[in-house]
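Chemist:
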Amino acid sequence: MGFRQIRVSDLTGAEASEDEIVTIVVRSHPDLDEPKQFDALPIEVKDLKPAANLVSLEIRNGQTTEMVVTLAEFNKLAPNISAVLENADGLKGRRKGYKPNS
Numbered sequence: 001m002g003f004r005q006i007r008v009s010d011l012t013g014a015e016a017s018e019d020e021i022v023t024i025v026v027r028s029h030p031d032l033d034e035p036k037q038f039d040a041l042p043i044e045v046k047d048l049k050p051a052a053n054l055v056s057l058e059i060r061n062g063q064t065t066e067m068v069v070t071l072a073e074f075n076k077l078a079p080n081i082s083a084v085l086e087n088a089d090g091l092k093g094r095r096k097g098y099k100p101n102s
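Below you can see the structure in the form of structure tokens.
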């Protein structure tokens, strides 16, 4: 006797092969306190449209707060926000001006 594993869409319950299933990761939602994932068929999520002109942020001060704001709202932070971003440090490597052991 053998075992057969069947994948199903969490949205509709439709059966699908392993190759047909996509995993949806919900990182942030008003009803959730942690990221969640579920399975779906591509046809079930094909009509999702990405929102445009959004900026995803982390604000760190010992704790990390994630938020998504409109580009217009983000641009209000400084009149020269494009220059601020152009000169900002990347997340990889050391920050500009950092000298170890000093």
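Quick note on numbering: UniProt numbering labels position 60 of the sequence shown as 60, and the sequence is numbered without any gaps. Here a beta-carbon is modelled for each residue, glycine too, at the ideal position from N, C-alpha and C.
Going straight from the alpha carbon of L77 to that of D39, what length do you get?
Modeler: Taking the straight line joining both Cα atoms gives about 38 Å.
Chemist: Between the beta-carbon of V22 and the beta-carbon of V45, is there less than 8 Å?
Modeler: Yes, the pair counts as a contact, with Cβ atoms nearer than the cut-off.
Chemist: Would the beta-carbon of L71 fall within 8 Å of that of L54?
Modeler: Against a cut-off of 8 Å, the Cβ pair of L54 and L71 comes out as a contact.
Chemist: By the three-class DSSP mapping on this structure, what secondary structure does L54 have?
Modeler: L54: strand per DSSP, three-state reduction.
Chemist: Tell me whether S82 is buried or exposed, calling it buried when 16 or more other Cβ atoms sit within 10 Å of its Cβ.
Modeler: Looking at its Cβ environment, which holds fewer than 16 other Cβ atoms inside 10 Å, S82 is exposed.
Chemist: Quick check: what's the CA-CA separation for L85 versus L11?
Modeler: Using only the alpha carbons, I get a separation of about 40 Å.
Chemist: Which residue wins for smallest C-alpha separation from Q37, given the options M67, S9, F74 and E66?
Modeler: Closest by alpha carbon: S9.
Chemist: Whole beta strand (DSSP E) runs in the stretch 21-56 with 3 or more residues, listed along the chain?
Modeler: Entirely contained in the stretch 21-56, the beta strand (DSSP E) runs reaching 3 residues are, in chain order, 22-26 and 36-40.
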